[in-house]
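Since the structure comes first, as structure tokens, the remarks are kept for the end.
Protein chains: 2
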Amino acid sequence: MHAETSTGACQPDIAAVAEVCHRRDALLILDCVTSLGGLPVQVDAWGVDVAYGASQKCLSAPPGLAPITVSPRAEERLRTRRSPVTSFYLDLSLLDKYWSEKPTYHHTASISLAYALREALRLVEEEGLSARFARHQRNAERLWGGLEALGLSLLVPPTHRLPSLSTPVLPAGLDDAGLRRSLLQDFNIEIAGGFGPLAGKVWRIGLMGYSSRAENVITLLGALAELLKTK
Amino acid sequence: MHAETSTGACQPDIAAVAEVCHRRDALLILDCVTSLGGLPVQVDAWGVDVAYGASQKCLSAPPGLAPITVSPRAEERLRTRRSPVTSFYLDLSLLDKYWSEKPTYHHTASISLAYALREALRLVEEEGLSARFARHQRNAERLWGGLEALGLSLLVPPTHRLPSLSTPVLPAGLDDAGLRRSLLQDFNIEIAGGFGPLAGKVWRIGLMGYSSRAENVITLLGALAELLKTK
């Protein structure tokens with residue numbers, strides 16, 4: 000996991016993980032769903048073999064597509080595998096043939112989603128990658144400062160903190176579900192509750208792609224300030 | 000297969016197939032990809048256990064979604080299966096939980112495609128199912144008559160002929176690829192070549208959903224008349 004959405008943690012040194020994998024002749028598959036388009040993803044420099052992302056998070060296109068890359072090392076492994084692939088849908092060899100110079104039919108591509116993703120990528124290019132990453136970082140820091148000013152600490156230490164998803168720790172005795180309901184009903188803001196062992200203990204606040212904006216952070220912090228006084 | 004797109008054949012008596020399946024305690028899974036929205040699909044009356052279609056053919060929504068139905072008999076089989084499902088993507092038990100009253104997360108749904116499908120279904124409702132089926136049949140018959148007038152016979156006998164996809168047999172010695180290229184370049188009409196053993200022997204002409212229109216049939220027949228004279 001490059002960017003882990005249940006904790007809000009970012010794996011800060013993928014190259015070191017890749018090095019360990021390759022020493023053992025293993026492949027590194029990296030989940031970049033919540034990082035692609037929001038923070039640097041350097042597939043080749045880090046030595047990642049397979050990386051996949053999502054259209055709907057930091058790229059801000061409609062959901063439905065998952066960009067994927069496959070390294071020559073992983074391609075070789077695909078070509079020489081002996082056990083059959085159990086999933087037609089995610090058989091990368093079939094997908095490879097589909098995208099080859101002599102295409103073999105695999106599926107009807109969702110062309111409207113592909114056009115939408117292309118437009119989203121054009122907007123990424125227009126903003127520029129480094130400006131985009133800086134914007135995600137700046138708005139996340141604005142959120143973190145504001146949450147701390149409200150007396151909320153953050154679950155993840157600064158060195159591993161994800162700019163696209165923040166996880167403030169809930170004050171003891173807070174009505175988690177009630178507060179999030181008010182946030183949605185009164186202010187039209189939806190934030191997510193904790194997952195699994197973190198349920199009721201943290202919130203999950205996304206600032207991804209188009210939604211990573213100063214006005215969104217300010218509005219949320221203002222609404223929280225009001226609600227925390229009364230709940 | 001309810002509607003088979005490599006031959007242009009329609010299975011005319013699904014109820015009889017279902018009856019044989021159920022007598023042997025087997026489930027009937029019906030591929031309705033090229034029939035749903037273009038000709039009657041009577042899942043319950045026929046005794047079909049699982050039926051799936053596609054958003055992009057006779058429903059004329061963007062590609063990317065596959066409507067699916069599961070009978071109580073098939074649900075029971077899903078609930079009591081002992082071998083694990085090898086595909087996360089098409090694990091119907093997980094999808095069932097995702098759509099249940101207490102949803103368990105499975106995937107991020109492609110909401111823009113869902114809205115588009117809803118609008119496509121609204122248009123189906125506005126036209127009315129029987130009017131829609133009659134339109135598909137009428138335009139197919141117009142095409143069949145026109146092709147026969149041009150000296151082309153049809154691969155499939157009338158009793159099994161699909162209104163949404165027609166397969167005229169090519170005259171001997173015809174330059175298949177060249178003619179289809181001219182059709183696309185000069186008239187902006189794309190028809191498909193034959194598949195597998197039918198490659199070079201038939202064309203596959205789709206008249207599905209929005210594209211099943213008198214003007215499309217007339218334009219194609221006019222273009223073919225011109226091109227067949229010169230090729």
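Those protein sequence lines, which keep their order, are chains R and Z.
Heads up, the first sequence is in numbering that gives the first Met the number 0, so the first residue is 0 and it goes up one at a time.
Heads up, the second sequence is in numbering that gives the first Met the number 0, so the first residue is 0 and it goes up one at a time.
For every residue, glycine included, the Cβ atom is placed at its ideal position computed from N, Cα and C.
Check, Outcome
"Where are the alpha helix (DSSP H) runs, 4 residues long or more, that stay fully inside the segment 92-168 of chain R, in chain order?", "110-126, 128-148"
"Can you give me, in chain order, the residues of the segment 63-87 of chain R that have a beta carbon less than 9 Å from any beta carbon in chain Z?", "Gly63, Leu64, Thr85, Ser86, Phe87"
"Helix, strand or coil for Ile28 (chain Z), going by three-state DSSP, please let me know.", "strand"
"Along the alpha helix (DSSP H) that carries Val16 (chain Z), what are the first and last residues, could you check?", "13-22"
"With 9 Å as the threshold, decide whether the Cβ of Pro196 (chain Z) is near any Cβ in chain R.", "no"
"Hey, does Ser111 (chain R) have any beta-carbon neighbour from chain Z nearer than 9 Å?", "yes"
"Using a Cβ-Cβ cut-off of 8 Å (strictly less than) and excluding sequence neighbours within five positions of Leu164 (chain Z), which residues of its own chain qualify?", "Ala2, Thr4, Gly7, Thr33, Arg203, Ile204, Gly205, Leu206, Met207"
"Once the 5 residues before and after Tyr97 (chain Z) are set aside, which same chain residues still bring their CB inside 8 Å of it?", "Thr103, Tyr104, His105, His106"
"Residues in the same chain with beta-carbon distance under 7 Å from Leu227 (chain R), minus the five sequence neighbours each way, listed in chain order, please.", "Leu149"
"Just checking: is the beta-carbon of Ala231 (chain R) within a distance shorter than 9 Å of some beta-carbon in chain Z?", "Here chain R comprises residues numbered 0 to 230, so residue 231 (chain R) is not present and cannot be evaluated."
"Which chain Z residues sit within Cβ distance under 9 Å of Pro61 (chain R)?", "Ser109, Ile110, Ser111, Leu112"
"Leaving out five residues on either side along the sequence, give the residues of the same chain with a beta carbon under 8 Å from the beta carbon of Met11 (chain Z).", "Position check: residue 11 (chain Z) holds Pro in this sequence, whereas Met was assumed. Once the five neighbours on either side are set aside, the close Cβ partners of Pro11 (chain Z) are Thr158, His159."
"As a quick exercise: from R:Arg180, R:Ala119, R:Leu197, R:Leu154, pick the residue whose alpha carbon is nearest that of Ala60 (chain R).", "R:Ala119"
"Going by alpha carbons, who is nearest to Leu178 (chain Z) out of Z:Lys101, Z:Ser92, Z:Glu225?", "Z:Glu225"
"Give a yes or no on whether 9 Å exceeds the smallest Cβ distance from Ala115 (chain R) to chain Z.", "yes"
"Do Ser181 (chain Z) and Val168 (chain Z) have their CB atoms nearer than 9 Å?", "no"
"Below 8 Å on C-beta distance, what does Leu89 (chain R) contact in chain Z?", "Ser86, Tyr88"
"Count the other C-beta atoms from every protein chain shown that fall within 10 angstroms of the C-beta of Pro162 (chain R), then say buried if there are 16 or more, exposed otherwise.", "buried"
"If you measure from the beta carbon of Ala176 (chain R) to each beta carbon in chain Z, is any gap under 9 Å?", "no"
"Residues in its own chain within less than 8 Å of Pro83 (chain Z) by CB, not counting five upstream and five downstream?", "none"
"Give me the residue from R:Ile28, R:Cys57, R:Leu38 with the minimum Cα distance to Val49 (chain R).", "R:Ile28"
"Looking at the C-beta of Ala2 (chain R), does it have a partner C-beta in chain Z at a distance below 9 Å?", "no"
"Kindly say whether Ala25 (chain Z), judged by its beta-carbon, lies nearer than 9 Å to any beta-carbon of chain R.", "no"
"Pick from R:Phe186, R:Gln184, R:Asp185, R:Ala191: whose alpha carbon is nearest that of Asp175 (chain R)?", "R:Ala191"
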